[in-house]
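Asks: My questions all concern the structure below.
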Amino acid sequence: MTDETTTANTDSSGAAGAPRAAGSPGAAPDWEKRFRAPRVSLPEWAEDAPDRSLFVSNATGTFELYAWDRATGGQRQVTDRPNGTTDGTLTPDGEWIWWFSDTDGDEFGVWMRQPFGGGADEPAAPGLEPSYPAGLALGRDGTAVIGRSTDEDGTTIHVVRPGQPPVEIYRHRESAGVGALSHDGSLIAIEHTEHGDAMHSAVRVVRPDGSTVAELDDTKGGTEELGLSVMGFAPVDGDSRLLVGHQRRGRWEPMIWDPLSGEESALAIDLPGDVGADWYPDGAALLVEHEFRARAELWRYEPLTRTLARVETPTGTISGATARPDGAVEFLWSSAAQPPEVRSTSGAVVLDPPGAKAPGSVPVTDAWVEGPGGTVHALVQRPEGDGPFPTVFEVHGGPTWHDSDAFASGPAAWVDHGFAVVRVNYRGSTGYGREWTDALKHRVGLIELEDIAAVREWAVSSGLADPQRLVLSGGSWGGYLTLLGLGTQPEAWALGLAAVPVADYVTAYHDEMEALKAMDRTLLGGTPEEVPERFEASSPLTYVDAVRAPVYISAGVNDPRCPIRQVENYVDRLKARNHPHEVYRYDAGHGSLVVEERIKQVRLELDFTRRYLGLGGDGELKE
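For this note's numbering, add 166 to where a residue sits in the sequence shown, where the first one is 1.
Below is the structure:
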């Protein structure tokens, strides 16, 4: 039994924590180069100053915010914090950059702002105490609408005008958030779950004084599982149309709602799968993002003529898109085989960060497996050679998320080391219709693992996977499913790798941020005191004594989502029975924004696997 209690500043595993400069040359393996390769996010641009943009990059070795003046080509780093910064936005006039300041990844803090051209940071909303963020909308007259979430107050929303103290316009115990502010600043859209179903929001539009204009609630007071989401007001003065996502036909798709007149306009977008949308800058058309079978594509839809036209993009995943004032569409694209790029329909690569490019990886293939609740979609990457291969089941987080045909350095590292990688979009995943997403309720964790077990059986019977070398791995909700799977399916897995997991569901509930408490009440049908049997059935701690496989756990000491105390409870139980395990604790929150820290964590997982599954010192498998 081994219990490594390392942190990001103390490395008891030798070379795993050796620092390197970002992008440094040398004989680093491809898997490390993928992590170190400079990346950029899709640039956001100021609505009234479109040459002023903001993006996130890891160019210095830590993900931080950068300002970009397209007119001059000038770029500069905006934030510089030990554990990185990714939450930021521009004011409509492009004069200010707002960014969220937390402490070492704990997600609890305040909004700061900095002039676009550079200068000192200052509190963006003096008078507001620290909180978890719950949405932000910035107006043309300097008004800010700020959502806040705290354990004490639930959700509050404040309007902050220049030179004036914040004014509270909304308060409720259940989860809510700022959705959008109309172009003229007269209307505020709020997503809320006052009905108690944290998975299916209603939408309320209010005036800046908090008075209600209109309400849309497809849950009918929480009695139906139909959600709504705010996609944005029309970007035109005097236009009160609001783009709203709905699930009335069993999947996410947009409609246009005018809260002043009450008119709802269905859109003729009959594409299979989930559909999202945003406005073109003139408000005359919508940029439609269509997700289906783990791939994404773009379309242009014109509401007046009800016409739909394809916006040409390569096959793969689009992780954000925006229409520019000249009509060109910029989008962040990647595939499992090709690293991400910010491209434009004009044919140009929008941002090309300096430094070595990330090596590519192998493409994914699709597997469709019959499971107990319907057909399960899995994405498979195979290494060179003939199977059966040692295989990592890399389980996604969320749970309301899904794996897609997108570039991912973690799975690519396993492929480089001779592993097949299988990613399962289990029941609870998005992208396969509302019923699929909502199916995990009450038997939380167990439902997902039934689907993973079905794909495991297919992987073994098809000759892909070596049944003696099956690794269950994941982060966040995927880490939770890893620990739960090791306890409820002990014969199925040779090894478990759990990053930032839920390990003791009851303690996690009591220690986590308020918004996640609301989600857990929805998933499990109540609190631990109200439905103790459901929390017990869904908690990895319940099954810890049945675990047979060696267990590796990594956890952030400042994590507000999967807090450290409940991880320690699980580890203590492993210790008590002298079970093989290792633990890595690091000084950040729910994951790290520091590149070398990410590399260190993958290296520790590879080393743990090498020692317990028979990898040679050169990284190749011992037969």
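For glycine and all other residues, C-beta sits at the position ideal for the given N, C-alpha and C.
Can you give me the start and stop residues for the alpha helix (DSSP H) that F701 sits inside?
Replies: Counting along the chain, the alpha helix (DSSP H) containing F701 begins and ends at 698 to 704.
Asks: Under three-state DSSP, which class holds I356?
Replies: DSSP places I356 in strand when its eight states are reduced to three.
Asks: Which of the three DSSP states, helix, strand or coil, is assigned to I730?
Replies: Helix at I730.
Asks: Any idea if D725 is buried or exposed, counting beta-carbon neighbours within 10 angstroms, 16 or more meaning buried?
Replies: Buried, by the Cβ-count rule.
Asks: Can you check which of these residues, A215, D217, D246, is closest to T228 by C-alpha distance?
Replies: With distances taken between Cα atoms, T228 lies closest to D246.
Asks: Name the DSSP beta bridge partners of N591, please?
Replies: Answer by DSSP bridge pairing, in chain order: H543.
Asks: Check the DSSP bridge columns for T795 and list the partner residues they point to.
Replies: Shown here, the chain extends from 167 to 789; a query on residue 795 therefore has no answer.
Asks: Three-state secondary structure (DSSP) at Y446?
Replies: Note: Y446 maps to coil in three-state DSSP.
Asks: In chain order, what residues of the same chain lie with their CB nearer than 8 Å to the CB of F701, ignoring the 5 residues before and after it?
Replies: So the list reads Y671, V672, Y675, L690, P694, once near-sequence residues are dropped.
Asks: When DSSP labels each residue in this structure, what does G189 get in the three-state scheme?
Replies: Caution is warranted here: a pLDDT of 43 is assigned to G189, below 50, making its placement in the model unreliable, and the coordinate value is therefore given only provisionally. Correct three-state label for G189: coil.
Asks: Evaluate W534 with the Cβ neighbour count: other Cβ atoms within 10 Å of its Cβ, from every protein chain shown; 16 or more gives buried, anything less gives exposed.
Replies: That one is exposed.
Asks: If you run the structure through DSSP and keep just helix, strand and coil, what is Q330?
Replies: Of the three classes helix, strand and coil, the one that applies to Q330 here is coil, per DSSP.
Asks: Give the range of the beta strand (DSSP E) segment to which D287 is assigned.
Replies: Taken as a continuous stretch (DSSP letters only), D287 belongs to no beta strand (DSSP E), as it is neither H nor E.
Asks: Please state the DSSP three-state secondary structure of I613.
Replies: Note: I613 maps to helix in three-state DSSP.
Asks: In whole angstroms, what is the alpha-carbon distance linking A665 and G351?
Replies: Going by the C-alpha atoms only, they are around 42 Å apart.
Asks: Bridge partners for G159 per DSSP, in chain order?
Replies: For the chain, the structure presents residues 167 to 789; residue 159 sits outside this window and is missing.
Asks: Just to confirm, is the Cβ distance from G594 to E623 under 9 Å?
Replies: Against a cut-off of 9 Å, the Cβ pair of E623 and G594 comes out as no contact.
Asks: In angstroms with no decimal places, state the Cα-to-Cα distance between L462 and G482.
Replies: This sequence places Ala at residue 462; Leu is not what is there. Computed Cα separation, rounded: 6 Å.
Asks: Let me check understanding here. Comparing Cα to Cα, which of L740, P519, G387 lies closest to R202?
Replies: Per the Cα distances, P519.
Asks: Provide the residue span of the beta strand (DSSP E) that contains E210, from first to last.
Replies: Start and end: 210 to 212.
Asks: Could you check whether A310 and A300 sit closer than 9 Å to each other, using their CB atoms as the reference points?
Replies: No, these two residues do not count as a Cβ contact at 9 Å.
Asks: Cα separation between V508 and L437?
Replies: When rounded, the distance between both Cα atoms is 25 Å.
Asks: Among the residues of its own chain, which have a CB less than 8 Å from the CB of V621, if the five just before and after it don't count?
Replies: Once the five neighbours on either side are set aside, the close Cβ partners of V621 are A533, V535, G537, V542, A544, F559, V588, V590.
Asks: Starting from the Cα of H155, find the closest Cα among G755, R339, S395, T378 and give me that residue.
Replies: Within the shown structure, residues of the chain are numbered from 167 to 789, placing residue 155 beyond reach of any answer.
Asks: Of all the CB atoms in chain C, is at least one closer than 9 Å to the CB of R743?
Replies: The structure shown contains no chain C; it holds only a single protein chain.
Asks: Considering only their Cβ atoms, is the gap separating V668 from P698 smaller than 9 Å?
Replies: No; because the gap between Cβ atoms is not below 9 Å, this pair is not in contact.
Asks: Which value, in whole angstroms, describes the spacing of the CA atoms of R635 and V761?
Replies: Taking the straight line from one Cα to the other gives about 29 Å.
Asks: Which residue comes first and which comes last in the beta strand (DSSP E) that contains F774?
Replies: Unbroken run through F774 is the alpha helix (DSSP H), 761 to 779; no beta strand (DSSP E).
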